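Below is one structure, written out as structure tokens; comments come after it.
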Amino acid sequence: MFWYKGITRISEDKCRRNILEDPESRTFRGTIEVTFPADPGCHEEDFRMELIHYGKTIERTFRMVLGGSPVLSEITSDPRDPHYGQSVTLRCQVTGDCDPRDMAVKWLKGDKPLEKGEGAEKRITEKDGSVSCSLQITATALDHRGSYSCSVTHEGKTLRKKHYVHLPDKAPTLSAITVRPERPVSGKEAVFTVTISGFTPDIRVKWYKDFSTFPRDAITTSDPEIGQDFLFTCSTSLRFTPQDSDHEALLRCEVTHTASKKFHEQKYKLLLSGGTSTSAEEHRSLYTQDSGHVKPPVKLRGIRCLTETPRVGGEVSLTCYVGGCDADNTVFVWRKGMFPINGKIQNQNLEDGSGCVSTITFIALESDRDCRVTCETTYNLETREEHLALTLQ
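Going by full-length UniProt numbering, 378 is the number at position 378 of the sequence shown; the sequence numbering is gapless.
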């Protein structure tokens, strides 16, 4: 048998047992006591008795309330589950046989005290002698998973109750990619920008050229600010100097919402001033069906869509390049989400021996809109994955 004050075990010399055996039933009964001097630190402290009998633990808990000290209720929220931009009232009731004039009350956001004019209202003494302390806030993304506390100080001792505002996660919305200058030129720096809005709590941003990630020093993402919808908004910009070989490269801004683990993206086909266009048929002409090999492409990395305008109900062709392996000894698995794709797969080596490609052709379904396509390759017991967010018309 043990006694605890909070999580601290009380020494056995302060405990006393008075256990007697009933001669008729042969069972035991009695009392277990703990004696200690009460001090202000005991107020609203939990005392716990723990009894272990044949491996079974029995616990009883008692909350100590000292006379002449205030007692704080749990903080209530009205409404309980607010929306962003909605006015919220937090309220804490203070009871106990103490003079309200001897109490100092303040509200805190996190660990920072709120200043006058930041929503704290005057204390109201109710008919039963309790004191009602309230705080009015407007719920924003800054309150997501954040806390507010009501702090009451009386005779040098401070009591505090904490409350977390219940606000939902919100996924981001991405604007289209804008570019300056509007028509980039080979050899001159261009800036590509996306506005990210309406999200909470946080995001991760990456930029890609085809399927190569840009280094961090090429990307600038502003600190989130509160927008007109009371959610976070920010912008991300990519600076890089395109070369002739980048004509028709696919730039992609990928934003991962950390709460839902889902990613959102915007794409931009880079058309350099004075560059030439490559059609889907020219992309397909990279393949020489008679030899079973593929002519070395200029920049075929990761998964690419060979269908110029993929539509629901239409035939879609995707291709994936993997370097450093050959088609005969590589296992390719194509998936939509978690499920294999039912389609025609053709695997071929590159003529220069640098790697191989796998091409799959299938009929796009309505459920394939904005799905995540994965090409999983296994070569010499090493497994790699490439991904593509399939956008259908």
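Cβ coordinates follow ideal geometry from the N, Cα and C atoms, glycine included. No experiment lies behind these values; they were computed from the predicted model shown.
Can you tell which of the options has the C-alpha that lies nearest to the C-alpha of residue i?
i, options, result
"N380", "D223, D326, I75 and P184", "D326"
"S186", "L20, D143 and A249", "A249"
"K14", "M49, R29 and G30", "M49"
"S134", "V88, V194, K5 and D352", "V88"
"P37", "E118, T256, K5 and E385", "K5"
"T258", "K112, A171, R26 and E33", "A171"
"D368", "A218, R216, I341 and D244", "I341"
"E386", "T76, E351, K262 and V357", "V357"
"N329", "G343, K206, G355 and P201", "G355"
"E315", "I360, E351 and G85", "I360"
"V191", "F263, L270 and T309", "L270"
"D84", "T377, W207 and H144", "According to the sequence as given, residue 84 is Tyr; it is not Asp. Here the closest residue by C-alpha is H144."
"L159", "I196, P215 and I75", "I75"
"E33", "N18, P23, C42 and D22", "N18"
"T138", "L20, S77, K206 and S260", "S77"
"R216", "T200, F240, T195 and P201", "F240"
"T195", "G30, S260, E182 and H264", "H264"
"S260", "P100, V205 and T200", "T200"
"S132", "G96, K112 and E118", "G96"
"W3", "I345, K112 and L51", "L51"
"Q346", "F362, D352 and M1", "F362"
"C253", "T193, H247, G302 and D244", "T193"
"T31", "K112, E118, M1 and D352", "M1"
"S149", "E182, E118 and K112", "K112"
How big is the Cα-Cα spacing for residue i and residue j?
i, j, result
"R91", "I177", "45 angstroms"
"G55", "D39", "35 angstroms"
"I58", "D102", "40 angstroms"
"A364", "T307", "11 angstroms"
"D81", "Q228", "20 angstroms"
"C98", "T61", "25 angstroms"
"K127", "V105", "19 angstroms"
"I10", "H53", "19 angstroms"
"L390", "S317", "11 angstroms"
"S285", "T140", "Below a pLDDT of 50, predicted positions are generally treated as unreliable, and S285, at 34, falls in that range; the measurement from the model is reported next regardless. Going from the Cα of S285 to the Cα of T140 covers about 54 angstroms."
"P168", "Q86", "13 angstroms"
"D46", "Q136", "31 angstroms"
"T383", "T377", "6 angstroms"
"K262", "S175", "17 angstroms"
"G110", "K116", "16 angstroms"
"residue 394", "Q266", "In the structure displayed, the chain extends from 1 to 393; residue 394 sits before or after that span and is not available."
"C42", "V65", "8 angstroms"
"E366", "G302", "24 angstroms"
"K344", "G353", "24 angstroms"
"D22", "E44", "37 angstroms"
Around the C-beta of residue i, are 16 or more other C-beta atoms found within 10 angstroms, so that it is buried, or is it exposed?
i, result
"Y120", "Checking the displayed sequence, the identity of residue 120 turns out to be Ala instead of Tyr. With 16 or more Cβ atoms within 10 Å of its Cβ, A120 is classed as buried."
"P70", "buried"
"Q348", "buried"
"P79", "exposed"
"G313", "exposed"
"P242", "buried"
"I124", "exposed"
"L350", "buried"
"S245", "exposed"
Using a threshold of 8 angstroms, state whether the C-beta atoms of residue i and residue j are closer than that.
i, j, result
"G198", "T173", "yes"
"residue 430", "R63", "Given a span of 1 to 393 for the chain in the structure shown, any question on residue 430 remains unanswerable."
"S151", "L108", "yes"
"Y268", "V179", "yes"
"S372", "G337", "It is worth fixing the name first, because residue 372 is Arg in this sequence and not Ser. Cβ distance < 8 angstroms, so R372 and G337 count as in contact."
"P224", "F230", "no"
"L114", "I226", "no"
"T319", "R335", "no"
"D375", "F339", "The residue you asked about is not Asp; residue 375 is Cys in the sequence shown. No. Outside cutoff."
"V94", "S147", "no"
"residue 397", "V255", "Look at the range of the chain in this structure, 1 to 393, and you will see that residue 397 is not part of it."
"L388", "R311", "no"
"L251", "P184", "no"
"R26", "L20", "no"
Does any C-beta atom of chain C lie closer than 8 angstroms to the C-beta of residue i?
i, result
"D81", "In the displayed structure, chain C is absent; only one protein chain is listed."
Three-pair Cβ contact test at 8 angstroms for the region 161-170 versus the region 234-241: no
Segment contact, 8 angstroms Cβ cut-off, at least three pairs: the region 201-217 with the region 150-162: no
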